[in-house]
Amino acid sequence: MDQPLHLMTPEARANPYPLYAELRRRAVCQVEPGGMWAVSRYDDVVTVLKDPKRFSSAGLGQSFLPPWLERNPTADSLVMKDPPDHTRLRAMVSRAFSGAALSRWESRIRDIAEELAEAAVRRQEVDFISDFALPLPSRVLNLFFGLEPAMALRLKGWADDLVSIPASQPSPQRMAEIRHSLAEMERCFNALIEARRTEPGEELVSELIRTEALTHEELLSFLFGLVPAGVETTVYLLANTMLVLSEHPRELERVRENPTLIPQLIEEILRYDPPGQSSLRLTTEDVVLSGVTIPRGSVVVALIGAAMRDEGRFPQADRFILDRENQGHLAFGHGPHFCLGAMLARMEARLGLEALFSRIRGFSLSRRDVTWSQSIIARGPLALPLRLESSVR
Ligand code: HEM
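Going left to right, the sequence shown walks through residues 1 to 393 as UniProt numbering numbers them.
Printed below as a string of structure tokens:
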């Protein structure tokens, strides 16, 4: 009998890929924490993600509403819904994230990226997270919301508080902090919605109000859901890119010399070390997957990170290959919940890396030991001290 494996040990956080290889060997099995059912082979992960009837997202919202919280609109956000509710809401919000809508933002996102890259390169010794990777998506989301620039910093604090809710029982002081944070978010978003109703602008909230299709509560929940979805993952995409390139200097040289390779660099990073490592679902009936029966009412962890290293789907899956044809990676999910912000995230990463690589000859890690995030869903470094070598002598 195989020993149960644990997804959240420090070793597994630092490098989950050997553990994933063992999980793929076992196909489908229960893991710690919590006896969840881990699904790790490419085809099985696709099966889970594309079938909301048997693998439901509704119900998971409850973990964002523990008894010590009276209210949390995140529990009702888009990603926590099943069809037909999900289908209706998604149809109403998706236009705001389409290519046509995003192209209006490109030059403003480029300005933010250039400003951050310029400041970082001038500083030389940076924490890549707090000096670049975090401010970029925070300021972009802030722009989308149409909040005061100073609020960009609060977005990350809110996101951290939201994702910490489903974890273990917090101390009374943490509970008070989280309640305070949620109340602050709600006040801020209510004021924003109110202001945009009276005086519409061009940004996301005005656009969603103009559709007249969402109730106030639906709009509020959608905005709450964007806060954790829109910041952390993009931070880790940028940070993982730098970590991988620090071990592949030849590839860094190639993309610096030829920036048109940046989009394929981003796709291969998304496959090789995806920021979103898993998606959770609840089984609505007994389900047989790879010959194993998962009982009804089980929590299933679909391990995107493991599926991306499945040799059956990606030859030499453990190798980072810049020239790989990356059709079919699952870093943005699959099926009805496919990431709404995928196009935006790709644009942010591309503009961020273009701004940075055009200003540096190279870079080195100031420290090799990295502290990794503690979320089962998003994985990336919490800090990343780098020394940037300016290309201007
Ligand atoms: C590299 C960055 C990103 C990654 C790796 C990523 C990954 C994902 C994944 C894997 C899902 C599917 C979740 C599931 O099936 O349960 C998802 C959903 C979602 N993402 Fe992203 N995401 C990123 C950036 C963004 C950004 C920038 C936004 C918006 C500002 C965003 C908004 C959303 C939303 C709203 C959903 C829910 C869609 C639905 O349920 O229909 N994401 N994302």
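Think of the CB as a built atom: it goes at the ideal place given N, C-alpha and C, for glycine as much as any other residue.
Best match in the options for proximity to residue i [C-alpha to C-alpha]
i: residue 362; options: 265, 262, 242, 316; result: 242
i: residue 79; options: 390, 190, 340; result: 340
i: residue 270; options: 347, 116, 331; result: 331
i: residue 113; options: 354, 391, 392; result: 354
i: residue 215; options: 199, 193, 18, 230; result: 193
i: residue 24; options: 164, 391, 41; result: 41
i: residue 57; options: 345, 66, 76, 43; result: 76
i: residue 342; options: 196, 99, 121; result: 99
i: residue 210; options: 217, 96, 151; result: 96
i: residue 240; options: 250, 213, 277; result: 277
i: residue 32; options: 70, 284, 9, 117; result: 9
i: residue 34; options: 116, 7, 59, 231; result: 7
i: residue 329; options: 45, 14, 84; result: 45
i: residue 334; options: 26, 12, 43; result: 43
i: residue 337; options: 311, 90, 62, 392; result: 90
i: residue 140; options: 198, 229, 173, 163; result: 229
i: residue 391; options: 104, 37, 256, 107; result: 256
i: residue 26; options: 326, 296, 289; result: 289
i: residue 176; options: 323, 72, 68, 213; result: 68
i: residue 403; options: 59, 54, 39, 185; result: With the chain represented from 1 up to 393, any question about residue 403 goes unanswered, as that position is not in the structure.
Three-state secondary structure assigned by DSSP to residue i
i: residue 59; result: coil
i: residue 400; result: Outside the displayed range of the chain (1 to 393) lies residue 400, so it cannot be described from this structure.
i: residue 378; result: strand
i: residue 68; result: coil
i: residue 78; result: helix
i: residue 302; result: strand
i: residue 201; result: coil
i: residue 244; result: helix
i: residue 112; result: helix
i: residue 297; result: coil
i: residue 362; result: strand
i: residue 27; result: coil
i: residue 292; result: strand
i: residue 37; result: strand
i: residue 350; result: helix
i: residue 389; result: strand
i: residue 216; result: helix
i: residue 283; result: strand
i: residue 105; result: coil
i: residue 278; result: strand
i: residue 257; result: helix
i: residue 86; result: helix
i: residue 32; result: strand
i: residue 337; result: helix
i: residue 180; result: helix
i: residue 147; result: coil
i: residue 5; result: strand
Any non-hydrogen atom of ligand 1 within 6 Å of residue i CB
i: residue 233; result: yes
i: residue 329; result: no
i: residue 337; result: yes
i: residue 55; result: no
i: residue 473; result: What is shown of the chain runs 1 to 393, which leaves residue 473 out entirely.
i: residue 332; result: yes
i: residue 352; result: no
i: residue 288; result: no
i: residue 61; result: no
i: residue 79; result: yes
i: residue 230; result: yes
i: residue 345; result: yes
i: residue 90; result: yes
i: residue 391; result: no
i: residue 278; result: no
i: residue 99; result: no
i: residue 380; result: no
i: residue 305; result: no
i: residue 245; result: no
i: residue 116; result: no
i: residue 341; result: yes
i: residue 226; result: yes
Residue i beta carbon near ligand 3 (any heavy atom closer than 6 Å)
i: residue 237; result: Looking for ligand 3 in the displayed structure turns up nothing; the ligands present are ligand 1.
Under 8 Å, with one C-beta from each stretch per pair, do the segment 143-159 and the segment 172-190 reach the 3-pair mark? yes
How about the segment 146-155 and the segment 189-208: do they share at least three Cβ pairs that are nearer than 8 Å? yes
Using a Cβ distance threshold of 8 Å, determine whether the segment 259-266 contacts the segment 309-321, with at least three qualifying pairs required. no
Pair every Cβ in the segment 230-238 with every Cβ in the segment 130-145, then say whether three or more of these pairs are closer than 8 Å. yes
Pairs of beta-carbons, one from the segment 3-22 and one from the segment 351-360, closer than 8 Å: are there three or more? no
At a cut of 8 Å, does the segment 214-224 reach the segment 243-256 through at least three beta carbon pairs? no
With a threshold of 8 Å, are at least 3 pairs of Cβ atoms found where one atom belongs to the segment 377-386 and the other to the segment 111-128? yes
So, does the segment 8-27 touch the segment 48-63, judging by three or more C-beta pairs under 8 Å? no
Three Cβ pairs or more, each shorter than 8 Å: is that satisfied between the segment 273-291 and the segment 299-308? yes
Taking 8 Å as the cut-off, does the segment 342-352 touch the segment 101-112 (at least 3 CB pairs, one atom from each stretch)? yes
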